[in-house]
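Numbering-wise (full-length UniProt numbering), the sequence shown opens with residue 1 and increments by one. Taking it in order: structure first as structure tokens, then the write-up.
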Amino acid sequence: MAESAKPTPQLELFNSMTKKKELFEPLVEGKVRMYVCGVTPYDFSHIGHARAYVAFDVLYRYLKFLGYEVEYVRNFTDIDDKIIKRANEAGETVTSLSSRFINEFLLDMAQLQCLPPTCEPRVTDHIEHIIELITKIMENGKAYAMEGDVYFSVDTFPEYLSLSGRKLDHNLAGSRVAVDTRKRNPADFALWKAAKEGEPFWDSPWGRGRPGWHIECSAMSAHYLGHVFDIHGGGKDLIFPHHENELAQSRAAYPESEVKCWMHNGFVNKDDQKMSKSDKNFFTIRDIIDLYHPMALRFFLMRTHYRGDVNHSDKALEIASDRVYYIYQTLYDCEEVLSQYRGENISVPVPVEEQDMVNKHHSEFLESMADDLRTTDVLDGFTDLLKAINSNLNDFKKLQQKLEQQKKKQQQQKQQKQKQQQAQKQPEEYIQAMFALETEIKNKISILGLMPPSSLAEALKQLKDKALKRAGLTEELLQEQIEQRTAARKNKQFDVSDQIRKQLGSKGIALMDEPTGTVWRPCEPESE
Numbered sequence: 001m002a003e004s005a006k007p008t009p010q011l012e013l014f015n016s017m018t019k020k021k022e023l024f025e026p027l028v029e030g031k032v033r034m035y036v037c038g039v040t041p042y043d044f045s046h047i048g049h050a051r052a053y054v055a056f057d058v059l060y061r062y063l064k065f066l067g068y069e070v071e072y073v074r075n076f077t078d079i080d081d082k083i084i085k086r087a088n089e090a091g092e093t094v095t096s097l098s099s100r101f102i103n104e105f106l107l108d109m110a111q112l113q114c115l116p117p118t119c120e121p122r123v124t125d126h127i128e129h130i131i132e133l134i135t136k137i138m139e140n141g142k143a144y145a146m147e148g149d150v151y152f153s154v155d156t157f158p159e160y161l162s163l164s165g166r167k168l169d170h171n172l173a174g175s176r177v178a179v180d181t182r183k184r185n186p187a188d189f190a191l192w193k194a195a196k197e198g199e200p201f202w203d204s205p206w207g208r209g210r211p212g213w214h215i216e217c218s219a220m221s222a223h224y225l226g227h228v229f230d231i232h233g234g235g236k237d238l239i240f241p242h243h244e245n246e247l248a249q250s251r252a253a254y255p256e257s258e259v260k261c262w263m264h265n266g267f268v269n270k271d272d273q274k275m276s277k278s279d280k281n282f283f284t285i286r287d288i289i290d291l292y293h294p295m296a297l298r299f300f301l302m303r304t305h306y307r308g309d310v311n312h313s314d315k316a317l318e319i320a321s322d323r324v325y326y327i328y329q330t331l332y333d334c335e336e337v338l339s340q341y342r343g344e345n346i347s348v349p350v351p352v353e354e355q356d357m358v359n360k361h362h363s364e365f366l367e368s369m370a371d372d373l374r375t376t377d378v379l380d381g382f383t384d385l386l387k388a389i390n391s392n393l394n395d396f397k398k399l400q401q402k403l404e405q406q407k408k409k410q411q412q413q414k415q416q417k418q419k420q421q422q423a424q425k426q427p428e429e430y431i432q433a434m435f436a437l438e439t440e441i442k443n444k445i446s447i448l449g450l451m452p453p454s455s456l457a458e459a460l461k462q463l464k465d466k467a468l469k470r471a472g473l474t475e476e477l478l479q480e481q482i483e484q485r486t487a488a489r490k491n492k493q494f495d496v497s498d499q500i501r502k503q504l505g506s507k508g509i510a511l512m513d514e515p516t517g518t519v520w521r522p523c524e525p526e527s528e
């Protein structure tokens, strides 16, 4: 019992600036200010977006669990070359297209159970703040205007590239945009772009135009969180140039600007190759949750530490889906048995073995999360508790059957009860053990955002529906095959019945023969 009284270990996070794990100490005690770079909404969001926002949702949830009041800002870059191009192709306005895909993105985030941030600002609502920031940078002699464009001068900022650790001559100037020969240094980047024919624009001291990409986040993070805040996050592809340029802009305007901890998540690869639209190995969130439960996708993403690269494969998603089904089925079975005892006041304490197991799990969960959010270890850590629930369920059901039989044998009841008391747990102890194990698992998967929003029964049905879809079957077609197998077994055609079972197993459908008949559950597809 002593373990549960241990103090919560202090959170350590890997800081991309210092390249090491550091003790997380917020600037204001009890409060955390966090900014995460959001999407450019010109299309449906892809699995790389899910990777980033699930990772920072886990951090957000854990900070809240630790008792912090978290101000979490995640922006929308709703004006951009890609949006303009796509809107023109679709024959709609930039605002219409970006708003539509913002709404689609928010639906995806809700499906993945990413909590809504405190604030989700749009660039187009902050043009005034962006112009003010550019003006300040120019006043400080760190930027210059040319023919309606404004550029940041990297030569005036000696700290440039301190985040990425690159060298200036290693800059791939023009890799994203055409090289502008008017620039003082090829590495100088746009703060403001002069308006082009047919593009949206805003009036500014330098003429009509629109913001550059990097200035937006500097302006919005300062507006909502101040010049010094706790955490700035995003994918590791944003370290350069986006976050490097943000850092330069913010400090060029206000030298006191500082992010205490820069955090970056890894990529998503497809079968060990980086995902890209050009290679046609690119998946939207919608593509995946069409075939897999959203919690299976969330679990899959969390199975890899947030700083590592996730390797997307059908097999990995099948394993994640199977694992989520096992967790929910175990909890559902436990709920069913415990439902009749929930209102009872059972005075028997939780058995020592299970209490120790719960205390150990609680302690290890906190230690893993405190060590830079080691979600891989956390998810693996549920195994023993789930096994313990199933073991208690089986033993409890056997004991119930035994007690039923005892009632029929009144003359032996006293003698058998004495033996049973010496040999094993009482029914109340099983109940208390299952309550304790169930509570621990539910509490922890809730912190991780993996508890289904609907009932466990509904989540299990959804997982089964997705499994049928992946197998190319309907419930009716599956029942037909189950009936054919049952008939074959009755006729002692075991080669036929085995073949049906194997064929279904290869499609991710496992058959289980029970006294009441054959039932099925999703499984990881077996090789034929």
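Note that the Cβ used here is the ideal one computed from N, Cα and C, for glycine as well. Predicted model, so just to flag it, every value in this text is computed and none were measured.
1. Could you name the residues of the same chain whose beta carbon sits closer than 6 angstroms to that of I482, not counting the 5 residues immediately before and after it, in chain order?
2. According to DSSP, W202 sits in a beta bridge with which residue or residues?
3. With DSSP as the reference, please indicate the residues paired to R33 in a beta bridge.
4. Only counting runs of 4 or more residues, tell me where the alpha helix (DSSP H) segments fall wholly within the segment 450-518, in order along the chain.
5. Looking at C-alpha atoms only, which residue of I127, A50, A55 is the closest neighbour of L106?
6. Can you round the beta-carbon distance between G472 and E318 to whole angstroms, since I take them to be within the 8 angstroms contact cut?
7. Starting from the C-beta of I289, find all residues in its chain whose C-beta is less than 7 angstroms away, skip the five residues before and the five after it, and write them out in chain order.
8. Between the Cα of A433 and the Cα atoms of L385, T474, Q401, which residue gives the shortest distance?
9. Assuming G235 is part of the beta strand (DSSP E), what are its boundary residues?
10. Answer with buried or exposed for I346, where buried requires no fewer than 16 other C-beta atoms within 10 angstroms of its C-beta.
11. Under a three-way DSSP split, which group does Q421 fall into?
12. Inspect the CB distances between the segment 196-205 and the segment 159-170 and report whether three or more fall short of 8 angstroms.
13. Roughly how many whole angstroms lie between the Cα atoms of F14 and N245?
14. Keeping to the same chain, check which residues put their C-beta closer than 8 angstroms to that of P522; ignore five residues upstream and five downstream.
15. Could you name the residues of the same chain whose beta carbon sits closer than 6 angstroms to that of I445, not counting the 5 residues immediately before and after it, in chain order?
16. Tell me whether the segment 128-136 and the segment 226-238 touch, counting them as touching only if at least three CB pairs, one residue from each stretch, are closer than 8 angstroms.
17. Rank M138, F44, E147 by C-alpha distance to the C-alpha of V154 and give the top, closest one.
18. Does DSSP put D81 in a helix, in a strand, or in coil?
19. DSSP on Y151, reduced to helix/strand/coil?
20. Using DSSP's beta-bridge definition, name the partner residues of residue 542.
21. Check N220 in the structure and name its three-state DSSP category.
22. Give, in chain order, every unbroken run of the alpha helix (DSSP H) that is at least 4 residues long and sits entirely within the segment 357-385.
23. Of the residues Q113, K64, Y151, which one's Cα is nearest the Cα of G30?
24. Given a threshold of 16 other Cβ atoms within 10 Å of its Cβ, counted over all protein chains shown, does F494 qualify as buried or as exposed?
25. According to the neighbour-count rule (16 or more other Cβ atoms, all chains shown, within 10 Å of its Cβ), is A423 buried or exposed?
26. Under the assumption that L301 contacts H264 (Cβ atoms under 8 angstroms), give the Cβ distance between them as a whole number of angstroms.
27. By a C-beta neighbour count over all protein chains shown, 10 Å radius and 16 as the cutoff for buried, is D57 buried or exposed?
28. For F396 versus P351, is the C-beta distance shorter than 8 angstroms?
29. For residue 615, write down the residues that DSSP places opposite it in a beta bridge.
30. In the structure shown, what three-state DSSP assignment does M295 receive?
31. Cα separation between V496 and A487?
32. Suppose you measure from the CA of S204 to the CA of Y306; what does that come to, to the nearest Å?
33. Classify V28 as buried or exposed, calling it buried when 16 or more other Cβ atoms lie within 10 Å of its own Cβ.
34. Buried or exposed: L448, going by 16 or more other Cβ atoms within 10 Å of its Cβ?
35. What do you reckon, are the CB atoms on L191 and I102 nearer than 8 angstroms?
36. So, helix, strand or coil for P323, using DSSP?
According to the data block:
1. T518
2. G209
3. E71
4. 456-471, 475-490, 494-506
5. A50
6. Not a contact, Cβ separation roughly 15 angstroms.
7. Q111, L297
8. L385
9. 228-235
10. exposed
11. Residue confidence is low: Q421 scores 49 on pLDDT, short of 50, so the model does not pin down where it sits. No coordinate-derived value is stated.
12. no
13. 21 angstroms
14. S321, D322, Y325, L463, K464, K466, A467, G508, I509, A510
15. M451
16. no
17. M138
18. helix
19. strand
20. Since the first residue shown for the chain is 1 and the last is 528, residue 542 is missing from the structure and cannot be characterised.
21. Checking the sequence shown, residue 220 turns out to be Met, not Asn. Residue state, collapsed to three classes: helix.
22. 375-380
23. K64
24. exposed
25. Only weak support is given to the placement of A423: the predicted model assigns it a pLDDT of 49, under 50, and the value that follows is read from those uncertain coordinates. Result: exposed.
26. Not quite, the Cβ-Cβ distance comes to about 15 angstroms (not below 8 angstroms), so this is no contact.
27. buried
28. no
29. It is not possible to answer for residue 615, since the shown part of the chain is limited to 1 through 528.
30. helix
31. 10 angstroms
32. 40 angstroms
33. exposed
34. buried
35. no
36. The sequence given here has Arg at residue 323, not Pro. Helix.
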